[in-house]
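Colleague: This structure is in structure tokens; I'll ask about it shortly.
Protein chains: 2
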Amino acid sequence: MATDSPDEKWNTAETEIMQATYRALLAHGYADLSISRIADELDKSKAALYYHYDSKDDLLVAFLGFAVDRFETTISTETGADPNDDLEHVIEKLLPLRPDEEQRQLQEVMVGLRSQAMTNEAFREQFTRLDEQIVITTEEIIQRGIDDGVFRDVDPTRIAEHIQATINGTMYARATTNRENAAAATRVSLSSYIDSELRRNA
Amino acid sequence: MATDSPDEKWNTAETEIMQATYRALLAHGYADLSISRIADELDKSKAALYYHYDSKDDLLVAFLGFAVDRFETTISTETGADPNDDLEHVIEKLLPLRPDEEQRQLQEVMVGLRSQAMTNEAFREQFTRLDEQIVITTEEIIQRGIDDGVFRDVDPTRIAEHIQATINGTMYARATTNRENAAAATRVSLSSYIDSELRRNA
DNA sequence: GTCTATAAGATGATAGAC
DNA sequence: GTCTATCATCTTATAGAC
């Protein structure tokens with residue numbers, strides 16, 4: 000995957016392909032994603048896609064990188080002063096209380112891609128890395144809270160993993176069931192879990 | 000879908016088709032599941048499948064019912080005397096600490112099917128129902144524990160939803176990442192969550 | 001109930017012109 | 001870089017024999 004400028008991960012043509020893939024994915028879902036459909040969204044021929052990527056799999060792996068980048072950008076947060084706020088911020092980014100259309104779509108695409116991680120090792124590694132990064136971010140915030148005396152002296156890893164599993168489960172339920180109310184309730188419940196586990200005045 | 004006997008949901012022929020579908024799913028994954036592959040596993044022709052089911056979708060919806068049945072049977076538990084044990088039992092059934100091959104396979108198939116719930120409404124309704132049933136089961140155990148004075152006077156729905164989200168998230172992570180250790184840790188952490196939230200001597 | 005044969009179309013991928 | 005045309009293969013599904 001050649002780049003036009005060393006600073007940019009994606010050149011113009013490839014970015015357009017990634018965006019067309021994103022649209023095709025939203026319109027048809029992962030199961031019905033084909034080179035033809037991506038080409039249609041791109042308004043170019045299929046052969047044009049094969050000029051940029053060797054195979055469908057090649058394109059898809061590139062797209063996964065693109066999507067994970069987007070997702071990570073979405074959750075990256077300036078480390079504020081208050082660990083309480085930072086934790087709430089990360090959770091809100093990953094699992095918005097009331098997701099707007101764009102957030103809903105991105106999450107839907109991520110869940111669709113993720114289902115491929117079951118059988119595709121390249122996908123699996125990306126999601127392993129993504130989950131690990133989220134846990135580490137959460138861990139660091141908790142550790143800082145402990146150091147600052149804001150949080151109780153708990154095991155940051157244990158709490159971070161628990162938070163992450165709950166977030167993933169809720170995101171998953173949102174994408175695959177009609178239990179939106181339950182999802183919102185779990186989101187609130189997660190805050191109260193943090194309250195009772197971490198805050199000193201619990 | 001006609002039945003041989005009114006008590007049985009599946010007759011012999013259909014059960015064999017469901018089992019062949021299950022094997023095909025394990026061997027190739029949902030993305031590569033075709034009528035041909037199911038027929039191969041069944042050791043019959045494709046036309047034989049179309050005698051029993053009108054379309055691929057028809058067969059798949061039937062299979063989902065079959066798989067959900069299996070899964071529900073797996074988690075159904077005789078209501079024992081101790082709510083603590085019952086809760087632990089349900090969690091262990093849904094999220095075994097160290098899953099054997101059969102449990103791992105069933106969970107993998109469920110996650111594969113579930114990814115279809117994103118775009119298929121019939122699938123979505125089944126998983127909505129399944130999740131709801133699990134929450135209700137958990138709720139009832141918690142309520143009984145409260146009534147018996149074994150658990151603190153918490154909101155059973157809130158705790159049940161939280162447990163379910165955490166279980167789903169961990170199951171999901173197990174199927175789509177290489178973070179098996181994290182999954183095992185979360186499973187343990189879930190028990191300690193229950194401890195601190197529910198048990199009176201917490 | 002199950003078979004073979006086949007239809008009708010979509011899919012991933014390539015060749016060769018421009 | 002992008003196009004049209006094409007290929008081999010696979011897909012779901014059906015017709016008709018047994």
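Residue numbers (numbering that gives the first Met the number 0), protein chains in the order written: chain A, 0 to 201; chain B, 0 to 201.
Glycine is no exception: its CB is placed at the ideal position from the N, C-alpha and C atoms.
1) Grouping DSSP H, G and I as helix and E and B as strand, with all else coil, what is Arg36(B)?
2) Looking at the C-beta of Tyr49(B), does it have a partner C-beta in chain A at a distance below 7 Å?
3) I think Arg199(B) touches Arg128(B), with their Cβ atoms under 8 Å apart; what is that distance to the nearest whole Å?
4) Tell me whether Val187(B) is buried or exposed, calling it buried when 16 or more other Cβ atoms sit within 10 Å of its Cβ.
5) Please identify, using Cβ separations under 9 Å, the residues of the region 161-177 of chain A that lie next to chain B, in order along the chain.
6) Please give the ranges of any alpha helix (DSSP H) in the region 131-198 of chain B, keeping only runs that are unbroken, at least 4 residues long and fully inside the region.
7) Starting from the beta carbon of Met219(B), find every residue of chain A whose beta carbon is closer than 7 Å, and list them in chain order.
8) Let me see if you follow: with CB-CB separation under 7 Å, is Ala184(B) close to chain A or not?
9) Could you give the residue range of the alpha helix (DSSP H) that holds Ser114(B)?
10) Flag Thr20(B) as yes if its beta-carbon sits less than 7 Å from any beta-carbon of chain A, otherwise no.
11) What did DSSP end up calling Lys45(A) once you bin it into helix, strand or coil?
12) Evaluate Thr20(B) with the Cβ neighbour count: other Cβ atoms within 10 Å of its Cβ, from every protein chain shown; 16 or more gives buried, anything less gives exposed.
13) Mind checking the region 123-151 of chain B against chain A and listing, in chain order, the residues whose C-beta falls within less than 8 Å of any C-beta there?
14) For the putative contact between Thr136(A) and Val89(A), defined by C-beta atoms under 8 Å, what is the C-beta separation to the nearest angstrom?
15) When we look at the beta-carbon of Arg97(A) and count the other beta-carbons within 10 Å, is it buried (16 or more) or exposed?
16) Please confirm whether Pro82(B) and Gly148(B) have their CB atoms less than 7 Å apart.
17) Quick one: give me the first and last residue of the alpha helix (DSSP H) that Ala66(A) is part of.
18) Determine the DSSP secondary structure at Lys8(B), reduced to helix, strand or coil.
19) When the Cα atoms are used, what is the spatial distance from Ala164(B) to Gly168(A)?
20) Please return the same chain residues whose Cβ sits closer than 7 Å to the Cβ of Gly111(B), not counting the five positions on each side in sequence.
21) Based on Cα-Cα distance, which residue from Ala26(B), Val153(B) and Asp56(B) lies nearest to Ser195(B)?
22) Mapping DSSP to helix, strand and coil, what is Leu93(A)?
23) Evaluate the contact criterion for the region 71-80 of chain B versus the region 114-123 of chain B: three or more CB pairs, one atom per stretch, below 8 Å.
24) Kindly indicate which three-state DSSP category Thr14(B) falls into: helix, strand or coil?
25) Tell me the DSSP secondary structure of Thr78(B) in three-state form.
26) Can the beta-carbon of Arg173(B) be found closer than 7 Å to that of Ala159(B)?
27) Run down chain A in chain order and give the residues with a C-beta less than 9 Å from the C-beta of Arg157(B).
28) State the CB to CB distance for the pair Thr175(B) and Arg113(A), rounded to an integer number of angstroms; the pair is presumed to be in contact (CB under 8 Å).
29) Give me the residue from Val134(B), Arg178(B) and Thr185(B) with the minimum Cα distance to Thr185(A).
30) Do you know offhand how far Lys8(A)'s Cα is from Tyr50(A)'s?
31) Please report whether the beta-carbon of Ser114(B) lies at a distance below 7 Å from any beta-carbon of chain A.
32) Run down chain B in chain order and give the residues with a C-beta less than 8 Å from the C-beta of Ala121(A).
33) Does the contact criterion of 3 or more C-beta pairs under 8 Å hold for the region 33-42 of chain B versus the region 11-19 of chain B?
34) Could you work out which residues of chain B lie near Ala61(A), taking near to mean beta carbons separated by less than 7 Å?
Modeller: According to the data block:
1) For the purposes of this step, residue 36(B) is taken as residue 37 along the second sequence, with counting starting at 1. Three-state result, Arg36(B): helix.
2) Position 50 of the second sequence, counting from 1, holds the residue named residue 49(B). Taking Cβ atoms only, chain A never reaches closer than 7 Å to Tyr49(B), which makes this a no.
3) For the purposes of this step, residue 199(B) is taken as the residue at position 200 of the second sequence. For the purposes of this step, residue 128(B) is taken as the residue at position 129 of the second sequence. Not really, about 34 Å apart at Cβ, beyond 8 Å.
4) Within the second sequence, numbered from 1, the residue matching residue 187(B) stands at position 188. Classified as exposed, Val187(B) has fewer than 16 neighbouring CB atoms from the shown chains inside 10 Å of its CB.
5) Cβ proximity to chain B below 9 Å picks out His161, Gln163, Ala164, Thr165, Ile166, Asn167, Gly168, Thr169, Met170, Tyr171, Ala172, Ala174, Thr175, Thr176 and Asn177 from the region 161-177 of chain A.
6) Counting only runs of 4 or more, we get 155-175 and 179-197.
7) What the structure shows of chain B is the stretch from 0 to 201, and residue 219(B) is not part of that stretch, so it cannot be assessed.
8) Here the question's residue 184(B) lines up with position 185 in the second sequence. So, interface residue.
9) On the second sequence, position 115 is the one that residue 114(B) refers to. From DSSP, the alpha helix (DSSP H) with Ser114(B) extends over Glu100 to Gln115.
10) Position 21 of the second sequence, counting from 1, holds the residue named residue 20(B). Closer than 7 Å: no.
11) Here the question's residue 45(A) lines up with position 46 in the first sequence. DSSP places Lys45(A) in helix when its eight states are reduced to three.
12) Translated into positions along the second sequence, residue 20(B) becomes position 21. Only buried fits Thr20(B), as 16 or more other CB atoms lie within 10 angstroms of its CB.
13) Residues passing the 8 Å Cβ filter: Arg123, Glu124, Phe126, Thr127, Asp130, Glu131 and Val134.
14) Walking along the first sequence from the start, residue 136(A) turns up at place 137. Walking along the first sequence from the start, residue 89(A) turns up at place 90. Thr136(A) to Val89(A), Cβ: 6 Å. Contact.
15) Counting from one through the first sequence, the residue named residue 97(A) turns up at place 98. With a 10 Å radius around the Cβ and a threshold of 16 neighbouring Cβ atoms, Arg97(A) comes out exposed.
16) Walking along the second sequence from the start, residue 82(B) turns up at place 83. Walking along the second sequence from the start, residue 148(B) turns up at place 149. In this structure, Pro82(B) keeps its C-beta atom at 7 Å or more from the C-beta atom of Gly148(B).
17) Walking along the first sequence from the start, residue 66(A) turns up at place 67. Bounds of the alpha helix (DSSP H) holding Ala66(A) are Lys55 to Ile74.
18) Locating residue 8(B) in the second sequence gives position 9, where the first residue counts as 1. When secondary structure is reduced to three states using DSSP, Lys8(B) falls in the coil class, being assigned neither helix nor strand.
19) Here residue 164(B) refers to the residue found at position 165 when the second sequence is read from its first residue. Here residue 168(A) refers to the residue found at position 169 when the first sequence is read from its first residue. Cα atoms of Ala164(B) and Gly168(A): separation of roughly 5 Å, rounded to the nearest angstrom.
20) Working through the second sequence from its first residue, we reach residue 111(B) at position 112. The answer, listed in chain order, is Leu24, Gly28 and Tyr29.
21) In the second sequence, the residue the question calls residue 195(B) occupies position 196. Per the Cα distances, Val153(B).
22) Mapped onto the first sequence, residue 93(A) falls at position 94. Secondary structure of Leu93(A) (DSSP, three-state): helix.
23) Result no; under three Cβ-Cβ pairs closer than 8 Å.
24) Within the second sequence, numbered from 1, the residue matching residue 14(B) stands at position 15. The three-state secondary structure of Thr14(B), taken from DSSP, is helix.
25) Position 79 of the second sequence, counted from the start, is the residue given in the question as residue 78(B). In the structure shown, Thr78(B) sits in coil (DSSP, three-state: anything other than H, G, I, E or B).
26) Within the second sequence, numbered from 1, the residue matching residue 173(B) stands at position 174. Within the second sequence, numbered from 1, the residue matching residue 159(B) stands at position 160. Not closer than 7 Å, so no.
27) Here residue 157(B) refers to the residue found at position 158 when the second sequence is read from its first residue. Think of a sphere of 9 Å around the beta carbon of Arg157(B): the chain A residues whose beta carbon falls inside it are Ala184, Thr185, Val187, Ser188 and Ser191, in chain order.
28) Against the second sequence, residue 175(B) aligns to sequence position 176. Against the first sequence, residue 113(A) aligns to sequence position 114. Going by Cβ atoms, the distance from Thr175(B) to Arg113(A) rounds to 5 Å, so yes, they are a contact pair.
29) One-based indexing of the first sequence puts residue 185(A) at position 186. Of Val134(B), Arg178(B) and Thr185(B), the residue nearest in Cα terms is Val134(B).
30) Reading the first sequence from its first residue, position 9 is the one you call residue 8(A). Reading the first sequence from its first residue, position 51 is the one you call residue 50(A). When rounded, the distance between both Cα atoms is 18 Å.
31) Stepping through the second sequence from its first residue, residue 114(B) is reached at position 115. Yes - at least one Cβ of chain A is within 7 Å of the one on Ser114(B).
32) Locating residue 121(A) in the first sequence gives position 122, counting from the first residue. Correct list: empty, because the minimum Cβ distance to chain B is about 12 Å.
33) With the cut-off at 8 Å, the region 33-42 of chain B and the region 11-19 of chain B touch.
34) For this step, residue 61(A) is matched to residue 62 along the first sequence. Residues of chain B passing the Cβ test: none, with the nearest at roughly 18 Å.
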